[in-house]
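Okay, structure first, notes after.
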Amino acid sequence: MELKNKVAIVTGVSKGIGLATVKTLLEKGCKVAGWGRTNANLEHDNYYFYKTDVRNVEEVNASYDATISDLGVDIAILVNNAGLGFEGGIEKIEVNQWHQMFETNVDGIFYCSRLVIPQMKANDEGHIINISSIAGNTGIPNMAAYCATKHAVMGLSHAMYKELRNFGIKVTCVYPGSVKTNFFDKIDSVTINDGMMMPEDIASTIVHCLESQANYHHVDIEVRPLKPRK
3 MELKNKVAIV TGVSKGIGLA TVKTLLEKGC KVAGWGRTNA NLEHDNYYFY
53 KTDVRNVEEV NASYDATISD LGVDIAILVN NAGLGFEGGI EKIEVNQWHQ
103 MFETNVDGIF YCSRLVIPQM KANDEGHIIN ISSIAGNTGI PNMAAYCATK
153 HAVMGLSHAM YKELRNFGIK VTCVYPGSVK TNFFDKIDSV TINDGMMMPE
203 DIASTIVHCL ESQANYHHVD IEVRPLKPRK
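Whatever position you read off the sequence shown (first residue = 1), add 2 for the numbering used here.
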């Protein structure tokens, strides 16, 4: 896909992978709608922020309406990045934390994707990027709830790509290992360190997938730090 002048939606844009992805897409000439609970510290003529909690379907619908009003209906790219995680044993994790993770990490992808797909089908072009985690295909002790959400993202992504591929729509699921972001602020067992990947690394992978030629489809991309610190 040629990215210049394409319209992209990115969720979870305040920092980390979301912010890095927004910046990289802007550098490529995209017009970017950033959906998030908090705006990024970013000013750019082609960046538009819409306050959105992806757990809330009404807020998602309102942000979509505002986005197409400002940028048009031809949304070519959706990066479902919004996500969070809490640490805790399966018998100790709080019920509200369980629901918050599923509502953000899984429901949010459904709420956002269902809106952009019809026009992508009409255009015979589109690319949806879902950010999972290596936790989605590797069980991690004391992270069962988070692992369950990211495994659901994998299953959802695989079903989506098989449903949509014949309409010219690509669906790619990205599984990062540890990335140096604020995600670990709530994970006491992990200390942020320089052995982790950087958000810009994940953004470059996303753009690599987006820029592939039309009949070349990245389905699953797993990325990890080469020399992770223990």
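The beta-carbon is built from N, C-alpha and C at its ideal position, and this holds for glycine as well.
Remember, it's a predicted structure, so these values are computed and weren't measured experimentally.
Endpoints, the beta strand (DSSP E) within which residue i is located
| i | result |
| --- | --- |
| residue 53 | 49-53 |
| residue 178 | 171-178 |
| residue 222 | 222-225 |
| residue 194 | Note, residue 194: premise wrong, no beta strand (DSSP E); not H, not E. |
Range covered by the alpha helix (DSSP H) that runs through residue i
| i | result |
| --- | --- |
| residue 18 | 18-29 |
| residue 212 | 201-212 |
| residue 163 | 146-166 |
CA nearest to the CA of residue i, picked from the options
| i | options | result |
| --- | --- | --- |
| residue 181 | 201, 170 and 173 | 201 |
| residue 14 | 84, 124, 67 and 33 | 84 |
| residue 51 | 174, 76, 12 and 158 | 12 |
| residue 143 | 105, 29 and 88 | 88 |
| residue 218 | 163, 81, 185 and 68 | 163 |
| residue 265 | 41, 57 and 74 | The question about residue 265 has no answer, for the chain in this structure spans 3 to 232. |
| residue 174 | 20, 206 and 211 | 211 |
| residue 93 | 137, 213 and 147 | 147 |
| residue 214 | 129, 118, 158 and 149 | 129 |
| residue 125 | 140, 169 and 22 | 169 |
| residue 131 | 193, 61 and 10 | 10 |
| residue 76 | 42, 35, 183 and 137 | 35 |
Whole-Å CB distance - residue i paired with residue j, under 8 Å assumed
| i | j | result |
| --- | --- | --- |
| residue 231 | residue 197 | 4 Å |
| residue 79 | residue 204 | Contact flag wrong, Cβ pair sits at about 15 Å. |
DSSP beta-bridge partners of residue i
| i | result |
| --- | --- |
| residue 36 | 12 and 51 |
| residue 128 | 171 |
| residue 267 | The structure shown does not extend to residue 267, since the chain spans only 3 to 232, so no value can be given for it. |
| residue 181 | 199 |
Residue i Cβ short of 7 Å to the ligand MN heavy atom set
| i | result |
| --- | --- |
| residue 33 | No copy of the ligand MN occurs in the structure displayed, which carries no ligand at all. |
query = In chain order, which continuous runs of the beta strand (DSSP E) of length 3 or greater are located wholly inside the stretch 61-103?
reply = Fully enclosed beta strand (DSSP E) runs of 3 or longer: 77-82.
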